[in-house]
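For the record, in the sequence shown the residue sitting at position 163 is 594 according to the working numbering, with numbers rising by one throughout. We put the CB at the ideal spot given by N, CA and C, even for glycine. These numbers come from a predicted model, not from an experiment. First up is the structure itself, then whatever we jot down about it.
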Amino acid sequence: MRSMNRRQLLYATGLGLTGAAVARAGGLPTPPGDESEHEHGKRQAKPLDLADYEPRSMLQVRETHVARSRFPVIDIHTHISTAARSKNGVEMTAEREYAATPEELLAVMDRKNIRSMVNLTGGYGAGLRDVMGKYDRKFADRFYSFTEPDYELFLKPDYPKLQAEAIAQAHKDGARGLKILKTLGLYLRENITSGKLVKIDDPRFDPMWDACGQLNMPVAIHISDPVAFFTPTDRFNERYEELNNHPDWSFYGKDFPSNAELIEARNHVIARHPKTRFIVLHVGNFAENLANVAENLDRFENMNVDIAARIGELGRQPRTARAFFDKYQDRILFGTDATPHADNYPQQVFNDQLYEIYYRFLETDDEYFNYAPAKVPPQGRWEIYGINLPEPILRKVYNANAARELHITV
Ligand SMILES: [Zn+2]
Numbered sequence: 432m433r434s435m436n437r438r439q440l441l442y443a444t445g446l447g448l449t450g451a452a453v454a455r456a457g458g459l460p461t462p463p464g465d466e467s468e469h470e471h472g473k474r475q476a477k478p479l480d481l482a483d484y485e486p487r488s489m490l491q492v493r494e495t496h497v498a499r500s501r502f503p504v505i506d507i508h509t510h511i512s513t514a515a516r517s518k519n520g521v522e523m524t525a526e527r528e529y530a531a532t533p534e535e536l537l538a539v540m541d542r543k544n545i546r547s548m549v550n551l552t553g554g555y556g557a558g559l560r561d562v563m564g565k566y567d568r569k570f571a572d573r574f575y576s577f578t579e580p581d582y583e584l585f586l587k588p589d590y591p592k593l594q595a596e597a598i599a600q601a602h603k604d605g606a607r608g609l610k611i612l613k614t615l616g617l618y619l620r621e622n623i624t625s626g627k628l629v630k631i632d633d634p635r636f637d638p639m640w641d642a643c644g645q646l647n648m649p650v651a652i653h654i655s656d657p658v659a660f661f662t663p664t665d666r667f668n669e670r671y672e673e674l675n676n677h678p679d680w681s682f683y684g685k686d687f688p689s690n691a692e693l694i695e696a697r698n699h700v701i702a703r704h705p706k707t708r709f710i711v712l713h714v715g716n717f718a719e720n721l722a723n724v725a726e727n728l729d730r731f732e733n734m735n736v737d738i739a740a741r742i743g744e745l746g747r748q749p750r751t752a753r754a755f756f757d758k759y760q761d762r763i764l765f766g767t768d769a770t771p772h773a774d775n776y777p778q779q780v781f782n783d784q785l786y787e788i789y790y791r792f793l794e795t796d797d798e799y800f801n802y803a804p805a806k807v808p809p810q811g812r813w814e815i816y817g818i819n820l821p822e823p824i825l826r827k828v829y830n831a832n833a834a835r836e837l838h839i840t841v
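Written as structure tokens, this is what we have:
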């Protein structure tokens, strides 16, 4: 029996053989169409490493090439600069490293109709001022930068006050908002890199959230990751390959909170600071459950979301996603997580193809295409479908919602 596949078995039983007869049926003629696969019915399945599997879709469907977005784009979520040094997931210096020159970025931006890139990881202090001089001030309206908390200050007894003052200084220096990486909730510990994890709703950050509200600086907050990152990296994990390639991305086990606990702590912050505006990144950090995101958008008037690095999730539930965009068209911001030269992370590598895929997803009803410029879909092996948004919604998502939150006119 072991040497027979299901089709052979059906074929054999179709001849009216009993189970016992099937077991002896090694010499039966091969079913039509299977000749090349079988030698006298003794086919051995060939092993194939998952990493080597690159199936090519045989589906013949329309492929729309959207070279430029219908309306000018504000990409609310990019990373042009990063901290020069981090330890255990915590940025340890104000000094910045740059992924690309402004000129290099502007060439792609002009081709793809990107009016502005928002560099969320602008850092703080002297590092932030360096970013401002090289990008924001030199190319007005093409680059906007956000500041980040200075966790180097965390152990000082008056940290809450110092952090609020640092936000005010960053505002003076030109920062447009505050970025919170998942450092808060998943990396920052009581002794910065050791001890107990600090919770997102820890009251020591209350003055920081309030300062952002007073200064009209939106908070772009990333607090969690795909739900699969909180489950075992095993054969049931829908992002097995990604986690297997990046084991440090898993937050399963150890002392990590669950995805639900992280979202709950974040919701406490949003509820406690109604005058502060929040852009909850990566579709509210729960793109797998748009009903949950919708529920929170209904609860919190001061909450918006971006779509960065989540068209793989949105595009595999195109009908639910389209209804979500229809209902929350004033609350969704265009973002990509684009990072220049991030070649190992095709879902966020800054290039023409990445933007063309986003535009195709938003603007067409094309079916079954890769959500990233990569041979194999990098965030799970599935394909996506466009959601064909009408022009009024496209305009809001591409720029109007972001312009409102950033207090700029496009
Ligand atoms: Zn990001």
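Taking the CA atoms as reference points, I652 sits about 6 angstroms from I710.
For G811, the closest C-alpha among the options A752, R750, A740, F502 is that of A740. By the neighbour-count criterion, in which a residue is buried when 16 or more other Cβ atoms sit within 10 angstroms of its Cβ, F667 is exposed. Three or more Cβ pairs closer than 8 angstroms define a contact, and the region 522 to 529 falls short of that threshold against the region 486 to 500. For Y786, the enclosing alpha helix (DSSP H) begins and ends at 783 to 794. For I815, there is no enclosing alpha helix (DSSP H), as DSSP marks it with neither H nor E. Here the distance from the Cβ of H772 to the nearest heavy atom of ligand 1 is not below 7 angstroms. I623 is positioned such that its CB atom lies closer than 8 angstroms to that of F585. In this structure, the alpha-carbon of V521 lies about 26 angstroms from that of L646.
Checking the 7 angstroms criterion, the Cβ of H677 is out of range of every heavy atom belonging to ligand 1. If you look at M540, you'll find it in the alpha helix (DSSP H) that goes 533 to 543. Relative to ligand 1, A739 has its C-beta within less than 7 angstroms of a heavy atom. Counting along the chain, the unbroken alpha helix (DSSP H) around L721 starts and ends at 721 to 730. For F755, the uninterrupted alpha helix (DSSP H) run begins and ends at 749 to 758, by DSSP.
Straight across, the Cα-Cα distance linking L537 with I505 is about 13 angstroms.
If you ignore the 5 residues before and after R670, its C-beta comes within less than 8 angstroms of the C-beta of P657, A659, F660, Q810, G811, all in its own chain and listed in chain order. Taking every protein chain shown into account, the CB of T707 has 16 or more other CB atoms within 10 angstroms, so this residue is buried. For L820, the closest of A831, H838, L793 by C-alpha to C-alpha distance is L793. Set against 7 angstroms, the gap from the CB of D656 to the closest heavy atom of ligand 1 is not smaller. For K610, the enclosing beta strand (DSSP E) stretches over residues 609 to 611.
The beta carbon of L490 lies closer than 8 angstroms to those of E798, Y799 in the same chain, with the five residues before and after it left out. Exclusion of the five residues before and after T513 leaves E528, T552 as the residues of its chain whose Cβ lies within less than 6 angstroms of its Cβ. Annotation for E822: the continuous alpha helix (DSSP H) segment containing it runs 822 to 826. Looking at the DSSP output, F574 shares a beta bridge with M548. Taken atom to atom, the span from the alpha-carbon of N733 to that of V700 is near 11 angstroms.
In this structure, DSSP gives Y529 an extended state, which the three-state scheme calls strand. DSSP places N675 inside the alpha helix (DSSP H), whose first and last residues are 671 to 676. Nearest in C-alpha terms to R493, of all of R826, V539, D796, E814, is D796.
Around the beta-carbon of Q594, 16 or more other beta-carbon atoms lie within 10 Å, marking it buried.
Comparing alpha-carbon positions, the option among A557, D774, H508 lying closest to A515 turns out to be A557. As a beta-bridge residue in DSSP terms, A651 pairs with K610, I710.
Under a 10 Å Cβ-count criterion, T767 is classified as buried, with 16 or more other Cβ atoms of the shown protein chains found around its own Cβ. Set against 7 angstroms, the gap from the CB of D541 to the closest heavy atom of ligand 1 is not smaller. CA-to-CA, the gap between F756 and I824 works out to about 8 angstroms.
Exclusion of D506 from the 7 angstroms shell around ligand 1 follows from its C-beta lying no nearer than that to any non-hydrogen atom of the ligand.
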